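Take the sequence shown: its letters are residues -21 to -1, 1 to 84, numbered as in mature numbering (1 follows the signal peptide of the UniProt record, and there is no 0).
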Amino acid sequence: MRKLLLLSACLLALAARPAAAQTASPEIVVVRVYEYPTKVHLVLTRGEGKSEVVEFDSGASDKRLSASGEGYYKVVNKLYQEGYALQSTFSGAQGYTTLLFAKKP
């Protein structure tokens, strides 16, 4: 009887501990960036069917450089305020850049 109680207590203790494999994966946002000569086109994807398009001016003049800097600032600042942090960047074909933001669970 004692062995049965001890075994039951051990199994109960193991069941109460969360397993590492059960840890939820972090929320992510994938940002695809394409810079045209006069504008920046961003697509923020938070999951399948959950994409948002953001565009703002860009170019070589001080005014357009300021506009693109402020556009990027708004997008990145919003993600940081939501608890996301930049995890990785990589370049793709045809001048696209991809930014990966992740939120820790």
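Built from N, CA and C at the ideal position, the CB exists for glycine as well.
Keep in mind it's a predicted model, so treat the numbers as computed, not measured.
Item                                                                                                 : Value
For residue 69, the nearest candidate out of 34, 77 and 52 (CA to CA)                                : 77
Simplified DSSP assignment, three categories, for residue 39                                         : coil
Contacting residues, own chain, Cβ-Cβ under 6 Å from residue 7 (five flanking each side not counted) : 81
Separation of residue 11 from residue 43, as counted between CA atoms                                : 20 Å
Coarse secondary structure for residue 29, derived from DSSP in three states                         : coil
Which of helix, strand or coil DSSP assigns to residue 70                                            : strand
Limits of the unbroken beta strand (DSSP E) element including residue 82                             : 76 to 82
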